[in-house]
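Colleague: Handing you a structure now.
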Amino acid sequence: MLFNSIEFFVLLSLVFVLYVLLQKQKLAWQNGLLLVANDYLYGCWYWRFLFSQIRGKDFHTTNELNNNTQQVYFTF
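Number 54 in numbering that gives the first Met the number 0 belongs to position 55 of the sequence shown; there are no gaps in the numbering.
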């Protein structure tokens, strides 16, 4: 999906409207919406980047939970 395509404009409009509607909800809902939209864009552009992004999120979450543990992750 290119940034100058009709599909991107429709997705951007939809995400913007949903984001504004979720302002009265918790911030986690807004962040979740942006995360899903981001993953969808990555998937449309180059699906192999999704694995790298998901692995990076897993790495970040693991390091946050295990601050005292020294772990090294190798992702290829």
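Each residue gets a CB set at the ideal place from its N, CA and C atoms; glycine is no exception.
Determine the direct distance from the alpha carbon of Gln29 to that of Ser4, and round the result to whole angstroms.
Modeller: Stepping through the sequence shown from its first residue, residue 4 is reached at position 5. Stepping through the sequence shown from its first residue, residue 29 is reached at position 30. Going by the C-alpha atoms only, they are around 24 Å apart.
Colleague: CB-CB under 8 Å to Tyr18, same chain, minus the five flanking residues each way: which ones, in chain order?
Modeller: In the sequence shown, counting from the first residue as 1, residue 18 sits at position 19. Excluding positions up to five away in sequence, the list reads Gln29, Leu32, Leu33.
Colleague: Give me the Cα-Cα distance between Val9 and Gly42, rounded to the nearest whole angstrom.
Modeller: Your numbering for residue 9 matches position 10 in the sequence shown. Your numbering for residue 42 matches position 43 in the sequence shown. Going by the C-alpha atoms only, they are around 16 Å apart.
Colleague: Whole-angstrom Cβ separation of Val14 and Ala36, contact assumed at under 8 Å?
Modeller: Residue numbering aside, residue 14 sits at position 15 when the sequence shown is read from its first letter. Residue numbering aside, residue 36 sits at position 37 when the sequence shown is read from its first letter. Between Ala36 and Val14 the Cβ distance is about 5 Å, and since that is below 8 Å, they are a contact.
Colleague: Could you tell me the distance, in whole angstroms, from the CA atom of Tyr39 to the CA atom of Leu21?
Modeller: One-based indexing of the sequence shown puts residue 39 at position 40. One-based indexing of the sequence shown puts residue 21 at position 22. Distance between the alpha carbons of Tyr39 and Leu21 is about 19 Å.
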